[in-house]
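Residue numbers (our numbering), protein chains in the order written: chain E, 1 to 253; chain C, 254 to 561.
Cβ atoms here follow ideal geometry from the backbone N, Cα and C, with glycine treated the same way.
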Amino acid sequence: MNFPAIRVIFQREMARFSRTIIESLISPVISTSLYFVVFGAAIGSRIEAVDGVTYGAFIVPGLIMLTVITQSVSNASFAIHFPKFIGSIYELLSAPVSYREIVIGYVGAAAVKSILIGLVILLTAYLFVDLPIAHPIAMLALLAVTSFSFSLFGFIIGIWAKDFQQLQLIPLLVLTPLIFLGGSFYSIDMLPGIWRTIAMFNPVVYLMSVFRWSFFATADVPIAASLLAIAVFTALCLAVVWWIFRTGWRIRQ
Amino acid sequence: MPSIVSIRNLTKTYKSGFAALKSVNLEIAEGEILALLGPNGAGKTTLISAVCGIVQPTSGSVTVGGHDVVRDFRAARDLIGLVPQEITLEPFEKVFNAVSFSRGLFGKSPDPAYVERVLRQLSLWDKKDSKIVALSGGMKRRVLIAKALAHAPRVLFLDEPSAGVDVELRKDMWSVVADLKAQGVTIILTTHYIEEAEAIADRVGVINKGEILLVEDKSAMMRRMGQKHLQIDLTEPLVAVPDMLASYALELGPEGRSLIFTYDTKGDRTGIVTLLTDLRSAGLQLTDLSTRQSSLEDIFVGLLKEQL
């Protein structure tokens, strides 16, 4: 293992994060606060409690997931797409680093950023609502796993994308609908019959359900099913990354 | 001297079907400076990229310091520094950090004193805290060199180091190359300027259309390239070259209106002055004189003819 390489990649990505600290941290906080004002206070006051949890508190796990997933994907995809775009990726390709070290450095940094953002949103939420956390360790673990697996997914998009338009394509057309339809702001039980069945094909539902369980101890789908879905998604991403580096797809001609 | 870089039957065919390298063989001795000379699109950059790991070879093998660049890539790349042709740098990074990053990427522990030495050698020390976006083009190119030197490579590849560089920087770069050679670093550079190869190389390889046409010591190459042609335009056309001028091996131009004399600028004497005197004694009157250097193009054509 080339540890100095992992360290410098990680440090450089974190330096980018701190250079853009306003965009990176303040903007998620502001948008979260807006969600609380609109959904939590304005609309939420007219919605009855879901599973015995006030609507304002109910949406907190969904909000965290929404931001963590989008931030993981956008950070990781940009981090690897940018050097590819400006050409500085030559250095990664000509250095004695294996793809494991590249992935650990980039995906690790993107995941750490997302975890920090998730925690900041959680703290912001406490300003607005009373929030129990039934399983704090599981909550943190899920936050970490989600950050990691979606950073991995973002990394793949960053390599796949040929330009900045494509970089936005998957997050916009696939990810955002999946997240919004994945029960970020409602329980799957609230959906009418056929839509509930369709929702079961949305991987984000499983993630959202187990994450909400870590707060309120109630879940839409069995915990085991959620954990399996997360494991399969992560394994798929790892397999694709392995394949990308083995074949040099869109990196090495 | 033992080879530090050994390229055997290296072939690269791109997906489009374009054969950028056609079974290239090349041995590079430790400590030498080799210039790869060739026109645009000859395969110079592909060759370097295949050695450095940026391009996957279609077939053939490359070893650096005895390590295969694919199977044993860590050991091979440890020895290699690469200065790319294009300026490809993270724009918002500071110079010092950019060079330290490269050092870490090559698995070396941080060594600010070493990075300082590299930056000073390249006259970049006073820019160490500048962001790369704020530097001039020449300075950016220096940063690329500093990054390549950050892990103290044994073999340095310079891809078109003087493309878009002013005279002063080119001279600076040549002196850096000379310093590195004195430290025992092997240097491979690509260029399409004959003068550059002449100024710094020990050996010159000529590459065209994915093939190495020949590799020769610089002096032999320069003799080949030093040929010039003197065109002598005449007032009265000639039917044949006068016998008294036979020793100059003159060629008669179109319609006998000019004579062409080929001479060697690297020789002791060019013979121009005596030729002009003899022209006068032969009673020929001149309207104009012009000289022309054998272009790379002529040389390639010549080399290709020799090969057949």
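- In summary, no residue of the region 378-392 of chain C has a CB separated from any CB of chain E by less than 7 Å.
- Taking a beta-carbon distance threshold of 7 Å, Q338 (chain C) does not count as an interface residue toward chain E.
- At a cut-off of 7 Å between C-beta atoms, D331 (chain C) counts as an interface residue with respect to chain E.
- Those residues of the region 313-330 of chain C placed with their C-beta closer than 7 Å to a C-beta in chain E are F326, R327 and R330, ordered along the chain.
- Around the beta-carbon of S151 (chain E), 16 or more other beta-carbon atoms lie within 10 Å, marking it buried.
- Uninterrupted alpha helix (DSSP H) stretches at least 4 residues long and entirely within the region 43-112 of chain E occur at 55-86 and 89-94, given in chain order.
- Per DSSP, Q253 (chain E) lies in no alpha helix (DSSP H) segment and is marked neither H nor E.
- Listed as beta-bridge partners of V459 (chain C) by DSSP are C:L290 and C:L467.
- A distance of 7 Å or more separates the beta carbons of Y90 (chain E) and P310 (chain C).
- In the pairwise beta carbon analysis, the region 102-121 of chain E is classified as not touching the region 261-268 of chain C: fewer than three pairs are separated by under 8 Å.
- Close to Y106 (chain E), with beta-carbon spacing below 7 Å, lies no residue of chain C; the smallest spacing is near 12 Å.
- Counting only residues of its own chain and dropping the five nearest sequence neighbours on each side, L25 (chain E) has a CB closer than 8 Å to the CB of L116, I117 and V120.
- Using beta-carbon distances, V352 (chain C) does not count as an interface residue toward chain E, since no partner is under 7 Å.
- For Y186 (chain E), the three-state secondary structure derived from DSSP is coil.
- V68 (chain E) is positioned such that its CB atom lies closer than 7 Å to that of S114 (chain E).
- Where F155 (chain E) is concerned, the enclosing alpha helix (DSSP H) starts and stops at P136 to W160.
- Taking 7 Å as the cut-off, the Cβ atoms of F211 (chain E) and L123 (chain E) do not count as close.
- Annotated as distal: A401 (chain C) and L442 (chain C), with beta-carbon spacing of 7 Å or more.
- In this structure, C:R456 is the residue among C:I440, C:R456 and C:N278 with its C-alpha nearest to the C-alpha of I447 (chain C).
- Residues of chain C whose Cβ lies closer than 7 Å to the Cβ of V97 (chain E) are, in chain order, L358.
- Among the bridge pairs identified by DSSP, F410 (chain C) is matched with C:L335 and C:I441.
- Per DSSP, reduced to three states, the secondary structure at T266 (chain C) is strand.
- Using a Cβ-Cβ cut-off of 8 Å, I86 (chain E) is close to T341, L342, E343 and P344 of chain C, given in chain order.
- DSSP places D521 (chain C) outside any alpha helix (DSSP H), giving it a letter other than H or E.
- If the five residues before and after R252 (chain E) are omitted, its C-beta is found closer than 8 Å to the C-beta atoms of L93, all from its own chain and listed in chain order.
- Proximity of L228 (chain E) to chain C, defined by a Cβ-Cβ separation below 7 Å, is not satisfied.
- Chain-order list of chain E residues neighbouring Y367 (chain C): empty, with the shortest C-beta distance near 13 Å, by a criterion of under 9 Å.
- For a Cβ distance threshold of 8 Å, residue set G357, L358, F359 and G360 of chain C lies close to A5 (chain E), ordered along the chain.
- Collapsing the DSSP output to three states places I260 (chain C) in a strand.
- V408 (chain C) has a beta carbon lying at 7 Å or more from every beta carbon in chain E.
- In this structure W213 (chain E) is buried. Its beta-carbon is surrounded by 16 or more other beta-carbon atoms within 10 angstroms.
- Cβ-Cβ separation between A450 (chain C) and L290 (chain C): approximately 5 Å, consistent with a contact (criterion under 8 Å).
- Residue pairing from DSSP leaves E489 (chain C) without any beta-bridge partner.
- If you draw a straight line from the Cα of L332 (chain C) to the Cα of F326 (chain C), it is about 10 Å long.
- Around the CB of V368 (chain C), 16 or more other CB atoms lie within 10 Å, so the residue is classed as buried.
- Ranking C:K462, C:E343, C:V459 and C:K347 by CA distance to the CA of D382 (chain C) puts C:K347 first.
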